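Numbering (this note's numbering), first residue to last: 6 to 94.
Just so you know, even glycine gets a beta-carbon here, dropped at the ideal spot from N, CA and C.
Just so we're clear, the structure is a prediction, and the values are computed from it rather than from any experiment.
Written out below as structure tokens is the structure these notes cover.
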């Protein structure tokens, strides 16, 4: 995840530099278009990776919450049955 964030910020910096160089006249429009497009694609890939990581983390947290809830339900049921058995005796 850190690598994706780093690559996204690096791509944004390179994209900004390329646009500045094109405006300043240091590189041709074609070079700027090719490099700019490559950096935008790289940023999109990094963004998709970050979103996938967030979704994966949310799914894991949801599974952990469900497992905890089931565990608590089982513990409550066991306690209820034990109490019921004490009352019957």
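- With 16 or more neighbouring CB atoms inside 10 Å of its own CB, residue 20 falls in the buried class.
- When the beta-carbon positions are compared, residue 48 and residue 23 stay at least 8 Å from each other.
- If you look at residue 84, you'll find it in the alpha helix (DSSP H) that goes 34 to 93.
- A contact is defined here as three or more CB-CB pairs under 8 Å, and the stretch 48 to 62 meets this definition with respect to the stretch 7 to 17.
- Collapsing the DSSP output to three states places residue 21 in a helix.
- Counting the other Cβ atoms within 10 Å of the Cβ of residue 16 gives 16 or more, which makes it buried.
- Just so you know, the alpha carbons of residue 46 and residue 69 end up roughly 35 Å apart.
- CA-to-CA, the gap between residue 30 and residue 7 works out to about 34 Å.
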